[in-house]
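As they're listed, the protein sequences go chains X and U. Heads up, the first sequence is in the UniProt record's numbering, so the first residue is 1 and it goes up one at a time. Heads up, the second sequence is in the UniProt record's numbering, so the first residue is 1 and it goes up one at a time. Step one of this worksheet: look at the structure below.
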Amino acid sequence: MNPFSSGTRLRDMIRAIRACKTAAEERAVVRKECAAIRAAINENDQDYRHRNLAKLMFIHMLGYPTHFGQMECLKLIASPGFPEKRIGYLGLMLLLDERQEVLMLVTNSVKQDLNHTNQYIVGLALCALGNICSAEMARDLAPEVERLLQFRDPNIRKKAALCSIRIIKKVPDLAENFINPVAALLKEKHHGVLITGVQLCTDLCKVSPEALEYFRKKCTDGLVRTLRDLVNSPYAPEYDIAGITDPFLHIRLLKLLRVLGRGDADASDSMNDILAQVATKTESNKNAGNAILYECVETIMSIEDNGGLRVLAINILGRFLSNRDNNIRYVALNMLMRAITVDAQAVQRHRATILECVKDSDASIRKRALELVYLLVNESNVKPLTKELVDYLEVSDQDFKGDLTAKVCSIIEKFSPEKSWYIDQMLKVLTEAGNFVKDEVWHALVVVISNASDLHGYTVRALFRALQTTAEQESLVRVAVWCIGEYGDLLVSNAGMLNVEDPITVTESDAVDIVESAIKRHASDLTTKSMALIALLKLSSRFPSCSRRIKDIVVQHKGSLVLELQQRSLEFNSIIEKHQNIRSALVERMPVLDEATFGGRRASSLPNTVSTSSGTAVKLPNGVAKPSAAPLVDLLDLSDDVPAPSSSGGDFLQDLLGVNLPPATQSEGTNQTPKAGTDVLLDLLSIGSTPAQDNNLSTPDILSSGQDNKPIIASLDVLAAPSLTHTTSSTASNMMDLLDGLGPAPPKPAENGPAYPSIVAFESSSLRLTFNFSKQPGNPQTTMISGSFTNLSSNLFTDFVFQAAVPKFLQLHLDPASGNSLPASGNGTITQSLKVTNSQHGKKPLVMRLRIAYKVDGKDVLEEGQINNFPRDL
Amino acid sequence: QKQYTRPNQLEEQVAFSFERLFLFFSEQNRDLRSDYSSPWTPVARTRNRRCLQSASIVNHEPHILIILRHYDLNGVILLVTSQIHFVCLISRQGKVRLTKWYSTYTQKERSKAIRELSGVILSRGPKLCNFVDWKGYKVVYKRYASLYFCMCIDDEDNELEALEVIHHFVEILDRYFGSVCELDLIFNFHKAYYILDELLIAGELQESSKKTVAKLISAQDSLVEVAKEEASSISNIIAQATK
């Protein structure tokens with residue numbers, strides 16, 4: 001046509017692109033076309049603007065950038081002709097989305113087009129507005145759209161109705177304006193208008209409670225009538241699909257009735273009959289019919305209770321579930337999941353079928369079915385259901401195993417009736433899918449095992465067997481290695497044999513073999529290897545005959561490139577070699593891990609449930625909740641002084657299991673004061689000398705009972721060894737010296753440091769407080785203060801409470817006082833130990849304010865004072 | 001940025017309870033969180049709209065989440081959205097033949113979605129069901145010859161109906177092109193878009209009658225023809241005049 005026009009026709013461009021053999025060729029063609037289009041845009045070419053935009057749309061669909069064409073859309077929309085506008089609006093919808101600012105520029109053109117005399121142009125504008133309008137545009141153009149709801153041509157009315165949906169979704173405030181016009185649309189005969197009107201009505205009800213109330217009152221009966229007419233209508237070829245007149249309208253009406261009926265008994269009542277009719281009369285041999293039934297079931301489930309209808313609905317779902325068509329089964333599972341909240345019993349009846357669906361070849365169905373099964377589990381059916389699921393675990397797809405394992409573990413944990421069952425099932429899961437088991441899950445398993453003392457032997461043997469057959473599953477290896485380390489003696493001696501198990505003969509070297517293989521496995525990660533090393537250390541004492549061999553294995557890691565392994569290797573080697581006398585005490589079986597604490601820990605990571613864990617945590621006066629198992633944590637982890645209540649259960653158990661690796665240790669050390677060895681020794685001592693249950697208070701006890709204190713500490717320095725299972729670098733190096741004797745002889749804490757004179761910190765007419773000071777070696781900043789109160793009056797003090805405050809550069813740690821009543825006339829004392837850390841050590845002296853409250857003859861007495869006479873250099 | 005401006009107490013409650021729910025999710029045992037991550041998306045989305053009340057979140061049972069996905073105790077529907085989010089046609093080779101987005105997605109999200117979906121859908125066997133769970137939505141697809149017609153709908157929507165809508169679209173295309181094939185849709189992609197625009201607006205069905213759609217399209221096509229003829233006749237006149 002135009003001899004001067006450059007560029008190709010749209011058809012030719014598409015052909016050229018399709019002819020490209022490689023992506024590079026295609027890019028070259030597209031680049032050339034884009035260059036030509038840009039040139040045309042720069043020249044403001046009028047004749048081929050719409051062709052260029054069409055090309056750009058195609059290029060856009062291929063995924064190339066086309067932003068430079070956005071303004072062209074606006075120009076085309078602004079031009080007067082229909083063809084230009086048509087392509088312009090199409091480009092607008094494809095190339096732009098509601099976030100682009102260019103869109104604002106088009107508002108005016110759209111407004112003009114909405115008022116155009118040509119109804120097709122009005123239609124184009126409505127369509128574009130409905131698909132991409134932003135909140136601002138919605139506000140600006142809502143009045144136009146509202147007016148078009150009454151347009152003479154039904155095709156414009158329906159477009160305006162859908163456009164209104166977009167508008168009220170963007171700006172729910174505008175909903176009120178649409179209520180009245182929509183009520184008129186619901187009375188229309190034209191199906192397109194009716195469908196869109198019903199949809200708009202549904203959306204209005206969702207965003208506006210007033211609208212819901214209005215339509216419920218005014219329109220429910222009319223809608224029921226419309227649906228009845230539709231259901232009973234004669235054959236209408238224009239709307240017929242598989243023998244049903246307009247299933248789309250059916251579905252939309254049912255959806256709206258659902259919204260109206262939910263939560264309103266009267267409205268629900270008025271639609272019962274028609275729902276029953278739809279549920280019974282609809283043909284279910286074609287997809288369209290099933291779609292209606294499906295919608296009808298959902299409506300029945302959602303509206304107010306009508307027993308008969310619900311039975312009908314559940315029966316339909318049962319039929320769906322046994323359908324051969326996968327689509328139908330999928331939607332049945334979907335719907336049963338919602339029905340379970342309405343009628344769990346009825347859903348339970350289909351359990352067997354649902355369980356079959358978990359094993360379906362179709363991933364979508366499997367996923368839905370698994371979710372449903374998870375909801376179906378209760379105490380009474382947990383055993384058979386778990387068995388099915390665990391059995392299926394063996395043959396399931398790799399990509400489904402993750403989901404399935406998580407669900408199975410969660411079911412087992414939640415509903416396990418007894419420990420042996422729990423352990424059995426978990427072992428099965430570990431054997432089948434140990435790689436998919438999350439850390440928390442096997443940590444929890446270890447806690448349970450450690451608590452089930454009668455099952456130790458059984459468990460360790462079962463794990464041994466499992467590990468012999470498969471060593472591929474990481475978490476199985478970890479649990480097994482841990483158990484063998486702890487209960488290796490039971491494995492060899494066959495102690496605690498249950499009736500159900502076959503006896504096996506395991507020699508000591510077999511047990512060592514299997515742990516060794518765990519270390520040697522290339523696939524084992526650092527945690528597993530570290531755990532295996534600890535297990536070996538433990539076995540070295542359990543099996544003296546293998547001690548030599550174990551030492552050799554441990555020594556092999558002396559040169560490991562992984563610092564953690566190297567360190568463990570060196571430390572363990574020196575324990576085995578140089579500290580025979582204390583080794584057995586060091587590697588004693590781990591104290592029972594407190595289930596409640598662990599559970600509380602897990603729960604306490606949840607802010608909302610902190611209160612539930614308070615039953616297990618002992619509240620100390622310093623305001624730190626210290627779970628009773630905390631000393632155990634100290635036993636294994638130097639750095640875990642005051643366990644932060646917010647740390648997750650995983651950390652906690654990792655500490656217990658000795659798998660805490662350096663980065664994790666450091667990350668939790670934010671509010672910790674550096675600790676020196678003595679404290680740990682005390683903690684260790686407290687483990688050894690007092691029952692584990694009440695040792696949360698043992699540390700202060702030992703400290704405060706002044707006269708015993710020193711000899712105990714003195715005798716303890718050699719006991720420092722167990723703490724070497726830890727890696728906190730600051731303390732570990734300190735300990736290394738102690739242990740290896742490389743440095744000077746270990747300083748005895750009791751003799752260490754200058755002695756400080758005792759002071760009378762506070763004295764009033766009725767009360768005296770004296771402070772004794774001691775320092776820990778290697779940690780000059782921290783002062784241990786032991787205070788003792790003496791009653792100078794002749795009356796008994798009760799409800800004695802001591803409080804202390806320090807300035808910011810000090811950190812104060814108060815231990816519980818030895819009592820809360822103080823006998824008269826110096827016949828007894830209350831001791832109170834404090835630990836003060838001076839961050840400005842050497843620059844500022846200690847200073848403290850105190851407040852003492854007590855009752856004399858039922859009267860409250862409050863004494864306050866400031867202590868300024870601390871010895872310098874504290 | 002708030003999408004609505006009616007600050008009332010209910011909304012604050014909603015926001016509060018969602019926070020709690022979210023905390024619950026993120027702090028609760030992790031397996032649960034990952035399992036339910038998919039329903040999360042719609043729930044989180046709903047936060048910006050307005051809907052439920054706080055009461056139903058107090059319970060920490062996992063199944064409450066399922067209830068939450070549907071309605072709260074007062075029967076207010078939780079998921080306000082219920083629409084088609086996008087439609088796309090993907091060839092068996094994974095080439096995109098048509099895409100139409102009814103919800104807001106960035107260009108990046110769009111290509112990511114298409115890439116992911118074509119990976120999932122094209123690899124599914126012929127006998128499997130036509131639904132795929134995808135990020136808390138459902139994608140309903142159906143294969144016609146070498147083309148996959150996909151439609152992304154909300155979790156609450158009727159999948160069977162979506163299949164029916166797809167079929168409806170295909171029948172209209174078929175009627176318009178006369179036994180439609182992939183090439184028709186490649187070379188006349190704009191026509192396919194015009195037809196789709198007569199069928200769906202704002203992710204909702206607009207017309208259940210194939211005849212009406214065909215009538216509207218042909219009316220608009222003839223408008224274009226008339227305009228073209230006029231243009232060419234004018235250019236002819238000019239051409240003749242300048243000779």
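Using N, Cα and C, we set each Cβ at its ideal position, and we do this for glycine too.
DSSP, reduced to helix, strand and coil, places residue 310 of chain X within a helical segment of the structure shown. Listed along chain X are 120, 123 and 155, each with a C-beta nearer than 9 Å to that of residue 216 of chain U. DSSP, reduced to helix, strand and coil, places residue 867 of chain X within a strand of the structure shown. Residues of chain X with a Cβ closer than 7 Å to the Cβ of residue 211 of chain U are, in chain order, 238.
By the criterion of a C-beta distance shorter than 7 Å, residue 795 of chain X is surrounded in its chain by 824, 856 and 857, once the five residues flanking it on both sides are discounted.
Counting the other Cβ atoms within 10 Å of the Cβ of residue 169 of chain X gives 16 or more, which makes it buried.
Chain U places no beta carbon closer than 8 Å to that of residue 188 of chain X, leaving this residue out of the contacts.
Comparing alpha carbon positions, the residue from X:837, X:92, X:810 and X:792 closest to residue 830 of chain X is X:792. Not a single CB atom of chain X sits nearer than 8 Å to the CB of residue 123 of chain U. DSSP assignment within the UniProt domain "GAE" (754–871) of chain X yields the following whole beta strand (DSSP E) runs of 3 residues or more, N-terminal first: 759–763, 767–776, 779–791, 797–805, 810–814, 829–838, 848–856 and 859–867. As far as DSSP is concerned, residue 197 of chain U takes part in no beta bridge. In the pairwise beta carbon analysis, the region 71–84 of chain X is classified as not touching the region 210–218 of chain U: fewer than three pairs are separated by under 8 Å. Per DSSP, residue 189 of chain X lies in no alpha helix (DSSP H) segment and is marked neither H nor E. If you draw a 10 Å sphere on the C-beta of residue 18 of chain X, you find fewer than 16 other C-beta atoms in it, and that means exposed.
For residue 269 of chain X, not one C-beta of chain U is nearer than 8 Å to its own C-beta. In the DSSP annotation of this structure, the continuous segment of the beta strand (DSSP E) that includes residue 91 of chain U starts and ends at 84–91.
Under the 10 Å beta carbon count, residue 247 of chain X is surrounded by 16 or more other beta carbons and is classified as buried. Here the alpha carbon of residue 296 of chain X sits roughly 23 Å from the alpha carbon of residue 209 of chain X. Taking a Cβ-Cβ cut-off of 8 Å, residue 109 of chain U has no neighbours in chain X, whose nearest Cβ is about 10 Å from it. Relative to residue 808 of chain X, the option among X:425, X:544 and X:848 whose CA is nearest is X:848. Within a 10 Å sphere around the beta-carbon of residue 93 of chain U sit fewer than 16 other beta-carbons, which makes this residue exposed.
Taking 4 residues as the shortest admissible run, the region 167–229 of chain X contains the following complete alpha helix (DSSP H) segments, listed from N- to C-terminal end: 175–185 and 191–207. Under the 8 Å criterion on CB atoms, residue 97 of chain X is classed as interfacial with respect to chain U. Going by C-alpha positions, residue 867 of chain X is about 8 Å away from residue 850 of chain X. Look at residue 391 of chain X here: in three-state DSSP terms it is helix.
The Cβ atoms of residue 276 of chain X and residue 312 of chain X lie closer than 8 Å to each other. Taking a C-beta distance under 8 Å as the contact criterion, residue 526 of chain X and residue 572 of chain X do not qualify as a contact pair. Closest in C-alpha terms to residue 152 of chain U, from the list U:128, U:212, U:103 and U:176, comes U:103. Judged by DSSP secondary structure, residue 147 of chain X falls within the alpha helix (DSSP H) whose first and last residues are 135–148. In this structure, DSSP gives residue 226 of chain U a helical state, which the three-state scheme calls helix. By the rule that beta-carbons nearer than 8 Å mark a contact, residue 152 of chain U does not touch chain X. Along the region 164–190 of chain U, the positions whose C-beta sits under 7 Å from a C-beta of chain X are 164, 186, 187, 189 and 190, read in chain order. Counting along the chain, no alpha helix (DSSP H) covers residue 99 of chain U; the unbroken beta strand (DSSP E) around it starts and ends at 96–101. Relative to the Cα of residue 138 of chain U, the nearest Cα in the group X:365, X:434 and X:84 belongs to X:365. Residues of chain X with a Cβ closer than 7 Å to the Cβ of residue 102 of chain U are, in chain order, 131. Bridge pairing for residue 240 of chain X: X:245 [DSSP].
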